[in-house]
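Peer 1: Sharing a structure below in structure tokens format, with a few things to ask.
Chains as they are written, first to last, in the numbering used here: chain A, 1 to 278; chain B, 1001 to 1159.
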């Protein structure tokens, strides 16, 4: 039994969960998949006074389409669903393609997309994918709700725009524009490891079939997912090499990661452009 | 009940248990220490090694990354629940014995539980699919080849 003592609250409703969080603020943590939180608690890196378990709230586990063909994914939707759900595969193929790279099957059976985003690990695949897709995030609290653009959500390592009383309740991904293709690529030392570098790419072609806009978001390239936009694939790769500030450790030097990021950016954009033309 | 404890009703290998547990009790520790089912092994205790993998409502999860309190209302299966009778092995267990799919055996319970769910979904897996399905379970003895062979053998025999 490794974690420090805490108070366990099994949520009875979303209102109950939000009220408990409003009362306790940063002393309480929401428990969704727990695949990052529980290891941190086992190491006693995290010692929350209260855990508010969202798992009883089964109606937060959904994938559905909303206005304009946007895809909406709830607070308890697991990685395994992202990997397998037909709606995700057709409406957000980038997220679908990124999912098998996230840890291992047992972890994906428990981990949730919203929990992953709220954890804001710069090495994680999903924040980059949601940024590349131009998603937005719905934060709920006892005070009400607000939508946060993904570009404004990630603030640093394990840091987001969520207030202490807010729950990340839903992710919304807009329908892909016409003539748009996406691609996710990463290089990891072993299957299921965090990527040395990962790239989520979207490309939209003009009516002439040439690249109109290209956007990439990278994981493990700095303290936050890095987003680069350009209208030329080589320029995007060069911009990535020039701007990222990747970590350096026993797994890879920063110089190697920078090189890798450029190569993966070029490849991912090329594949996304080819898919856009189909 | 003090508020750092929780009430838990769960079914493990078909037997119903009601317990009062500390909230911080990990599910793996509950299974081993409270229930005495020591077939579930605890390796890294932070979700990397896969030795503690069990089935929660039929789905393989790391029991070191769940609290016992979260298993309230769930049906759990551990390695003790695999064999159909005390004197018989499950086809996976037989295949692991026949194909030398274990050496020290520490990782084996987690692998068996992972593969039970995997073969239930995919009765005719390719070697690549088997290796991907095994990716969340570390074995430091075998080099995996005999484990892959054992899973193939189990799949053949149960098809």
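Cβ coordinates follow ideal geometry from the N, Cα and C atoms, glycine included. For clarity, every value in this text was computed on a predicted model and none was experimentally measured.
(1) Using C-beta distances below 6 Å, list every residue in its chain close to residue 1045 of chain B, excluding the 5 sequence neighbours before and after it, in chain order.
(2) Is the shortest distance between the beta-carbon of residue 1059 of chain B and the beta-carbons of chain A less than 8 Å?
(3) Does the beta carbon of residue 2 of chain A come closer than 8 Å to any beta carbon on chain B?
(4) Which parts of the segment 174 to 209 of chain A are runs of the beta strand (DSSP E), unbroken and 3 residues or longer, counting only runs that do not cross its ends?
(5) Evaluate the contact criterion for the segment 1137 to 1150 of chain B versus the segment 1076 to 1088 of chain B: three or more CB pairs, one atom per stretch, below 8 Å.
(6) Residues bridged to residue 1078 of chain B by DSSP?
(7) In angstroms, rounded to a whole number, what distance separates the CA positions of residue 275 of chain A and residue 138 of chain A?
(8) Mind checking which residues open and close the beta strand (DSSP E) that includes residue 218 of chain A?
(9) Should residue 32 of chain A and residue 75 of chain A be called a contact, given that it needs their Cβ atoms to be closer than 8 Å?
(10) Could you tell me the distance, in whole angstroms, from the CA atom of residue 1121 of chain B to the CA atom of residue 187 of chain A?
(11) Below 8 Å on C-beta distance, what does residue 165 of chain A contact in chain B?
(12) Checking contacts by CB at 8 Å: is residue 14 of chain A closer than that to chain B?
(13) Taking the alpha helix (DSSP H) that residue 262 of chain A belongs to, which residues open and close that run?
(14) Within its chain, find whatever has a CB closer than 7 Å to the CB of residue 93 of chain A; leave out the 5 residues flanking it on each side and keep chain order.
(15) Within 10 angstroms of its Cβ, does residue 170 of chain A collect 16 or more other Cβ (buried), or is it exposed?
(16) So if I threshold CB-CB distances at 9 Å, which residues from the segment 195 to 227 of chain A count as touching chain C?
(17) In this structure, what does DSSP give as the bridge partners for residue 144 of chain A?
(18) Could you tell me how far apart the beta carbons of residue 203 of chain A and residue 211 of chain A are, in whole angstroms, since I believe they sit closer than 8 Å?
(19) Label residue 151 of chain A either buried or exposed according to how many other C-beta atoms from any shown protein chain fall within 10 Å of its C-beta, with 16 as the threshold for buried.
(20) Say whether chain B places a C-beta atom closer than 8 Å to the C-beta of residue 107 of chain A.
(21) Which of the three DSSP states, helix, strand or coil, is assigned to residue 1096 of chain B?
(22) So, at 6 Å on beta carbons, what are the nonlocal neighbours of residue 263 of chain A in its own chain, with the 5 sequence-adjacent residues on each side left out?
(23) Taking only three categories from DSSP, how would you classify residue 156 of chain A?
(24) Inspect the beta-carbon positions of residue 1115 of chain B and residue 1092 of chain B and report whether they are closer than 8 Å.
(25) Determine which residues of the segment 1039 to 1069 of chain B have a Cβ less than 8 Å from any Cβ of chain A, and write them out in chain order.
(26) Three or more C-beta pairs under 8 Å: does that hold for the segment 1054 to 1070 of chain B against the segment 1020 to 1037 of chain B?
(27) Could you pull out every residue in the same chain whose Cβ sits closer than 8 Å to the Cβ of residue 206 of chain A, ignoring the five residues on either side in sequence?
(28) Taking the alpha-carbon positions, what's the residue 56 of chain A to residue 112 of chain A distance?
(29) Identify the contact partners of residue 7 of chain A in chain B, using a Cβ-Cβ distance below 8 Å as the criterion.
(30) Using a Cβ cut-off of 7 Å, pull out every chain B residue sitting near residue 287 of chain A, in sequence order please.
(31) From the DSSP output, in three-state form, read off residue 1127 of chain B for me.
(32) Measure from the alpha carbon of residue 1079 of chain B to the alpha carbon of each residue in B/1020, B/1151, B/1016 and B/1037, then state which is nearest.
(33) Which first and last residues belong to the beta strand (DSSP E) in which residue 230 of chain A is found?
(34) Check whether chain B comes within 8 Å of residue 181 of chain A, counting only Cβ atoms and requiring the distance to be less than that.
(35) Got a sec, what are the start and stop residues for the alpha helix (DSSP H) residue 28 of chain A sits in?
(36) Starting from residue 74 of chain A, trace the beta strand (DSSP E) both ways and give me its first and last residue.
Peer 2: Reading from the atomic positions:
(1) Correct list, in chain order: 1064.
(2) Chain A, which has a Cβ nearer than 8 Å to the Cβ of residue 1059 of chain B, makes this yes.
(3) yes
(4) 180 to 187 and 197 to 205
(5) no
(6) Its beta-bridge partners do not exist; DSSP assigns none.
(7) Using only the alpha carbons, I get a separation of about 30 Å.
(8) 211 to 219
(9) yes
(10) 28 Å
(11) Under the 8 Å cutoff, chain B gives no residues; its nearest Cβ is about 20 Å from residue 165 of chain A.
(12) no
(13) 254 to 276
(14) 182
(15) buried
(16) Among the protein chains of the structure shown, namely A and B, there is no chain C.
(17) A/141
(18) 6 Å
(19) Exposed is the call here.
(20) yes
(21) helix
(22) none
(23) strand
(24) yes
(25) Flagged, chain order: 1045, 1046, 1047, 1050, 1053, 1059, 1060, 1061, 1062, 1064, 1065, 1066, 1067 and 1069.
(26) Counting Cβ pairs under 8 Å, three or more are found: they touch.
(27) 179 and 212
(28) 14 Å
(29) 1003, 1004 and 1023
(30) Within the shown structure, residues of chain A are numbered from 1 to 278, placing residue 287 of chain A beyond reach of any answer.
(31) Correct three-state label for residue 1127 of chain B: helix.
(32) B/1037
(33) 226 to 230
(34) no
(35) No alpha helix (DSSP H) holds residue 28 of chain A; the beta strand (DSSP E) holding it covers 28 to 31.
(36) 71 to 74
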